[in-house]
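Undergrad: Numbering of the sequence shown is given in full-length UniProt numbering, commencing with residue 1 and proceeding in unit increments. Ideal Cβ placement from N, Cα and C applies to all residues, glycine included. Source: prediction; values computed, not measured.
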Amino acid sequence: MMRTEYFNAFPEEWKPAARVFSALGDTTRQQILLLFEPGEELSIKDISSMFSLGRSTVVHHLSVLEEAGILSVRRQGREALYSIVYALLLDSLERLRLFIESDMNILSGNTTTE
Numbered sequence: 001m002m003r004t005e006y007f008n009a010f011p012e013e014w015k016p017a018a019r020v021f022s023a024l025g026d027t028t029r030q031q032i033l034l035l036f037e038p039g040e041e042l043s044i045k046d047i048s049s050m051f052s053l054g055r056s057t058v059v060h061h062l063s064v065l066e067e068a069g070i071l072s073v074r075r076q077g078r079e080a081l082y083s084i085v086y087a088l089l090l091d092s093l094e095r096l097r098l099f100i101e102s103d104m105n106i107l108s109g110n111t112t113t114e
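1) Below 8 Å between beta carbons: does that hold for residue 70 and residue 81?
2) From the DSSP secondary-structure annotation, give me the bridge partner or partners of residue 74.
3) Check the C-beta distance from residue 97 over to residue 14 and give it rounded, since I have them as a contact under 8 Å.
4) Rounding to the nearest angstrom, what Cα-Cα distance links residue 30 and residue 16 in this structure?
5) Find the nearest neighbour of residue 45 within the set 27, 55 and 75, judged by alpha-carbon distance.
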């Protein structure tokens, strides 16, 4: 039987994760994230130099990642420096992991979760 309770009322706690997964659905945005060394800040110029895309296209992708909460931006003079918000990514993955684990437990007949 389907989980019809979610059809009309998407769980509020899932909304941040949904934004993350939606933003990560584009390979260019995935490539942007892979450019960052742990803890590194990158400028639009740094990121744009790696792509054969126009600056405005790169800025659009950065905006999508920022709006999803995946990237944070810090202004240094006229320059915008981006960094990855690891906590949100981990929370989104953990939420998905727990959902899948719960379903697997139900399928195996084990109704207890850790």
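TA: Per the coordinate set shown:
1) Residue 70 places its beta carbon 8 Å or farther from that of residue 81.
2) The bridge partners DSSP lists for residue 74 are 81.
3) Wrong, their Cβ atoms sit about 13 Å apart, outside the cutoff.
4) Cα-Cα distance, rounded: 18 Å.
5) Between residue 45 and the set 27, 55 and 75, the nearest pair of CA atoms involves 55.
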